[in-house]
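Each protein sequence line maps, in turn, to chains R and W.
Just so we're aligned: the first sequence equals residues 701 to 812 in the working numbering.
Just so we're aligned: the second sequence equals residues 70 to 180 in the working numbering.
In this text, a Cβ means the ideal position worked out from N, Cα and C, and glycines have one as well.
Being a predicted model, the structure only gives us computed values, none of them experimental.
Below: one structure, written as C-alpha cells.
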Amino acid sequence: GAGVSQSPSNKVTEKGKDVELRCDPISGHTALYWYRQSLGQGLEFLIYFQGNSAPDKSGLPSDRFSAERTGGSVSTLTIQRTQQEDSAVYLCASSIQGTIQYFGAGTRLSVL
Amino acid sequence: TQLLEQSPQFLSIQEGENLTVYCNSSSVFSSLQWYRQEPGEGPVLLVTVVTGGEVKKLKRLTFQFGDARKDSSLHITAAQPGDTGLYLCAEPQGGSEKLVFGKGMKLTVNP
C-alpha cells in the first residue's frame, strides 16, 4: 500500500520485557514522527527524524525509550523494561518536511 | 509548550442534529489543524487554518479561526453516523512541525 505501515498492530507483553515497534513511512517522505496516544494524556509527541539530521528526542518520557531510523526509511521504536504505564497506542507519521503528516493505524501496546 | 483545550470532551447526538466543538489556548496559534480519528485508525487531517478570522468549509463541516488566533471551532451540520469519531485540534510547533494535540472530542452520532 501507499500509506504508513506499522507493525505489529497489537502487542501484549509482560512487565519488564523489551518491545520493538516498527514503522514503514510513505516512500519519499523525509520526515518521520512517533507519537503516543493514551487515555489520560491524549496524543503526545515522542521523537522526530528529518533526513540525516540529529533526531528531536524531546518528547521521549524516559531513557527506556529509544528510536532509530535506518537508511532514512524504516524506523523502530524500542521500549526497554516495559512498565504498565507504557500501555498505549503508538502512532507513526511521515511527511515531506513542513507538509501534511500522514499517520499509520498504530500499534496497540498492552503491558500486563 | 502550548496547551490546547478542547470542549466538550464527549458528545452523543442523534442523526440530523448540529454540533460545535471548540479548541482554545491562552497563547496565539501559529496555525491550527483539525483531525478526525476513527477507531483503530490514525488521525486524518481535515483542514489547516492560518489567518485570523478565516472560515473554511468542507461539505457539512465549517471551520473557523478566531480573529486573535487563540481559538477555533468546528461546526458540523446535520450530523450523520459516519461522522462518529474523535475530533482533534493540533498546532505544529517549531521547525520540525511536530504536533501538539488537544485531548479531543469523542463524537457519537446515533442513527
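- In terms of beta-carbon proximity, R/Ala805 lines the interface with chain W, with at least one pair separated by less than 8 Å.
- In terms of Cβ geometry, R/Ala788 and R/Ser707 do not form a close pair [threshold 8 Å].
- By the criterion of a C-beta distance shorter than 7 Å, R/Asp786 is surrounded in its chain by Ile779, Leu809 and Val811, once the five residues flanking it on both sides are discounted.
- For W/Ala159, the closest alpha carbon among the candidates W/Phe79, W/Pro180 and W/Val119 is that of W/Val119.
- Of the residues assessed, R/Phe745 falls on the buried side of the cut-off, its CB having 16 or more other CB atoms within 10 angstroms.
- Within chain R, the residues whose beta carbon sits less than 7 Å from that of W/Pro112 are Phe803, listed in sequence order.
- With its beta carbon at least 8 Å from every one in chain W, R/Gly716 lies outside the interface.
- In the three-state reduction of the DSSP assignment, W/Pro161 falls in the strand class, which pools E and B.
- Neighbourhood of R/Leu791 in chain W, by CB distance below 9 Å: Gly111 and Pro112, in chain order.
- Selection R/Arg781, R/Ala767 and R/Thr782 evaluated against R/Ser775 yields R/Ala767 as nearest (Cα-Cα).
- Between W/Asn87 and W/Thr131, the C-beta gap is not smaller than 8 Å, which leaves the two residues out of contact.
- Residue state for W/Asp140 is assigned as strand, using DSSP reduced to three classes.
- Taking C-beta separations shorter than 7 Å and ignoring five residues to either side along the sequence, the partners of W/Gln75 in its chain run Val90, Tyr91, Cys92, Cys158, Gly171, Lys172, Gly173 and Met174, following chain order.
- Note on geometry: alpha-carbon atoms of R/Pro725 and R/Leu732 lie some 7 Å from one another.
- Shown here, R/Asp786 sits in a helix according to DSSP, grouped into three states.
- Of all residues in the region 738-767 of chain R, only Gly742, Leu743, Phe745, Tyr748, Gln750 and Asp756 place a beta-carbon less than 7 Å from a beta-carbon of chain W.
- Looking at W/Pro180, W/Gln162, W/Gly154 and W/Glu84, the one whose alpha-carbon comes closest to that of R/Asp756 is W/Gln162.
- Rounded to the nearest angstrom, the Cβ distance from R/Leu791 to W/Gly154 is 15 Å, too far for a contact under 8 Å.
- Ranking R/Phe765, R/Ser795, R/Gly772 and R/Ser794 by CA distance to the CA of R/Arg781 puts R/Phe765 first.
- Per DSSP, the beta bridge partners of W/Glu74 are W/Asn93.
- Residue pairing by DSSP places R/Asp756 opposite R/Tyr748 in a beta bridge.
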